[in-house]
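Protein chains: 2
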Amino acid sequence: MDRYLLGIDLGGTNLRIAVVTLEGKLIEEVNVKTESDKGPHHVIDNMIKICEGLLQKRNIEAIGIGAPGPLDSKQGIILSPPNLPGWDEVPLALMLEKALEKKVVLDNDANAAALAEATIGAGKGKESVFYMTISTGIGGGYVYRNQLIQGANFCAGEVGNMMVNRDGPTHYVLNIGSLESLASGTAVHRLGKEKLGITGHAGEVFTLAMNGQQEAEAIVDTMLTYLAKGISNIVHTIDPHMIVLGGGVMQSKEYIMPILLEKVNAYLYPQLRNRVQIECASLGTKAGVIGAALLTQQA
Amino acid sequence: MDRYLLGIDLGGTNLRIAVVTLEGKLIEEVNVKTESDKGPHHVIDNMIKICEGLLQKRNIEAIGIGAPGPLDSKQGIILSPPNLPGWDEVPLALMLEKALEKKVVLDNDANAAALAEATIGAGKGKESVFYMTISTGIGGGYVYRNQLIQGANFCAGEVGNMMVNRDGPTHYVLNIGSLESLASGTAVHRLGKEKLGITGHAGEVFTLAMNGQQEAEAIVDTMLTYLAKGISNIVHTIDPHMIVLGGGVMQSKEYIMPILLEKVNAYLYPQLRNRVQIECASLGTKAGVIGAALLTQQA
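From first to last, the protein sequence lines are chains A and B.
Numbering-wise (the UniProt record's numbering), the first sequence opens with residue 1 and increments by one.
Numbering-wise (the UniProt record's numbering), the second sequence opens with residue 1 and increments by one.
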């Protein structure tokens, strides 16, 4: 009988659950609203029901969950993530293991996406891949020889809190001058609201910039300067074989990439210029759920 | 017959050559002035003579060299390092291989020291170790499961060029706001000269600070703020099991460490505070030559 994996991508808005082959091929996907405002018990009950349906149809070997951080991957516990209000110290892995009688592993959503992009996505075949997601926040994951490097405290890849500047907006947990506070979608949105009076999301600023609106161009340029500093810092720390960029902000990749690459090169040691591979993610919104399933196959 | 390794630590000032066991125990060491002003041929001839003497006495399996960067580790070529004027594209590994008929490997001096500290020094037994040397410059190396991670372009660990600030002194190759330009011995020396009129080296500033001289304290405090930002950035990128600090500046470790640790913790995500292990190097000036020998044993 063929063996499969179950991946769960638990987001603040969407809950995706998918059946995936051992090689990371997506076979079947269920996509519902998380309804996180109804609390963890409602969401987990719903999650278990969907899983039960999928488990009946196929021979599922193990279940992997990608969830918003902070979390304790070793113990499988969700620890008060800002994107899941009310989820305080929820032992999600244990709860699913009991209900579904399968091995369950938990890691943060950026690590799950990093694993998928590094092993079967844009970074396939590369010895080391650093994945960054640039969205509401900035997160990442580091994959070396197809193994996720979680770090001593499961905080490897948490580059959103990397400092690239002395000043910047204050935040309840991020450092002043942090990459996330200066180069995320939220940073672009904040400046777009202040300087352009936009009412929607950060995408509006990118659209205005693409259409040549000067103030919008300046906002994006500033954001990309900080992003380039962050990427250059990662290169000078681990010099990965590829940097893969994903997340909502990369929907504007045609506009962003040429500017970003030029800026990154300017911040690199001369011998590194034009030699660092920086690519856009290739699995789109499926990276999280596929990567969650692949978490179960890590040594 | 017992098997040994030869390590060569080629510095701008000192040339150390040592016989080391396969486990990294130092057996015999020759320490001479490099005389780098007499050019590469003089230095290499001298190096070969010392090696020949050591090779006659013991069964040497392979030779490893740690040298100032930039260099091409794969091809064994020294590429115009600022600390070895006149060494332009010198195929050092090949030259020694021909003269001594042994396998020769070359890597940068910080990587060599990192390997020694991570495997038999302060970081022994840790899954992942990031070593930083804070001296005239700032360099580093990343060791994961006893293997040096060199990076796609042999630039892993080059954290001296990491940007931690928007401004700072200009430099012919380093980024403005780079860690090395703000937190190295050179940075302390520059400020000591400007603000205190010191005539010797950076150590004077540390001595004054230890004796409570307020301006010296302020210089060291500023330098440690930047160093703490750099360390925190490394933690939020790879979350190593230990950070090991070496280099000349660490001679003032009793004064530096309490201040530095407090600053690092303030820049970490709350869940990381007081959980990151930061230790001083334990092999002293021997790390480079021992690590050079151990380079030959890398997979």
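C-beta atoms are modelled at their ideal positions from N, C-alpha and C, and glycine is treated no differently.
Please read these numbers as outputs of a predicted model, since none were measured by experiment.
Beta-carbon neighbours of residue i, restricted to chain A and to distances below 9 Å
i              : result
T13 of chain B : Within chain A, no residue comes near T13 of chain B; the closest Cβ sits about 24 Å away, beyond 9 Å.
Cut-off 7 Å between Cβ atoms - residues of its own chain near residue i, not counting five sequence neighbours on either side
i               : result
G69 of chain B  : P81, N108
K253 of chain B : C280
G157 of chain B : A110, N111, A114, G139, G140, G141, Y142
S181 of chain B : G168, P169, H171, L174, A187
L94 of chain A  : G76
L224 of chain B : I256, I259, L260, K263
S73 of chain A  : L106, D107, Q150, F154
Contact set between residue i and chain B, taken where Cβ atoms lie within less than 7 Å
i               : result
S272 of chain A : Checking the sequence, you will find Leu at residue 272 of chain A rather than Ser. The contacting residues are N153, C155.
Residue i at chain B interface by Cβ criterion, 9 Å
i                      : result
L268 of chain A        : yes
residue 302 of chain A : There is simply no residue 302 of chain A to check, as chain A begins at 1 and stops at 299 in what is shown.
S128 of chain A        : yes
D167 of chain A        : yes
Contact test: residue i Cβ vs the ligand COA heavy atom, cutoff 8 Å
i               : result
N146 of chain B : The model on display carries no ligand, and the ligand COA is accordingly not part of it.
Residue i at chain A interface by Cβ criterion, 9 Å
i               : result
I149 of chain B : yes
R275 of chain B : yes
M223 of chain B : no
L79 of chain B  : yes
E194 of chain B : no
M250 of chain B : no
Per-residue contacts from residue i into chain A (C-beta, under 7 Å)
i               : result
V159 of chain B : H236, T237
H241 of chain B : A152
Nearest-angstrom beta carbon gap, residue j and residue i [assumed within contact, 8 Å]
i               : j               : result
L22 of chain B  : Q297 of chain B : 7 Å
I219 of chain A : K195 of chain A : 7 Å
T237 of chain B : T285 of chain A : About 25 Å; that fails the 8 Å criterion.
L100 of chain A : I44 of chain A  : That belief does not hold up - the Cβ atoms of L100 of chain A and I44 of chain A are roughly 11 Å apart, past 8 Å.
D221 of chain A : I256 of chain A : Their Cβ separation, rounded to whole angstroms, is 10 Å, which puts D221 of chain A and I256 of chain A out of contact at 8 Å.
R166 of chain A : R166 of chain B : 6 Å
S128 of chain A : P240 of chain A : 5 Å
V244 of chain B : G121 of chain B : 7 Å
Same chain, Cβ closer than 8 Å to residue i, neighbours up to 5 away in sequence not counted
i               : result
E89 of chain B  : I77, I78, L79, S80
H201 of chain A : G185, H189
H42 of chain B  : E35
S232 of chain A : V264, Y267, L268
I27 of chain B  : Y4, A18, V19, V20, T21, R58
L261 of chain A : I278
A116 of chain B : G24, L283, K286, A287, G288, I290, G291, L294
Q147 of chain A : Q298, A299
Closer than 9 Å to chain E by CB, residue i
i               : result
K229 of chain B : Among the protein chains of the structure shown, namely A and B, there is no chain E.
Contacts that residue i makes with chain B (C-beta to C-beta distance below 9 Å)
i               : result
S232 of chain A : N161, M162, M163, N175
Contacts around residue i, its chain only, beta-carbon distance under 6 Å, and the 5 residues preceding and following it disregarded
i               : result
P40 of chain A  : W87, V90
A114 of chain A : Y131, G141, V143
V164 of chain B : L179, Y226, K229, G230
V105 of chain A : G64, L295, T296
I234 of chain A : F130
N161 of chain A : L174, N175, S178
I149 of chain B : Y142, A156
R16 of chain B  : D9, N31, V289
G247 of chain A : T133, I134, S135
G137 of chain B : G160, E180, S184
E29 of chain B  : A18
N83 of chain B  : G12, P68
Contact list for residue i against chain A, beta-carbon separation under 8 Å
i               : result
Y142 of chain B : T237, I238
- What residue ranges within the segment 226-276 of chain A form continuous alpha helix (DSSP H) runs of no fewer than 4 residues, ordered along the chain? 253-266
- Taking the runs of the beta strand (DSSP E) that are 3 residues or longer, which of them lie wholly in the segment 84-170 of chain B? 103-108, 128-134, 138-144
- alpha helix (DSSP H) runs wholly inside the segment 174-229 of chain B, at least 4 long, in chain order: 179-183, 185-196, 203-210
- Query: Going along the chain, which unbroken runs of the alpha helix (DSSP H) with 4 or more residues stay wholly within the segment 21-90 of chain A?
  - Reply: 40-57
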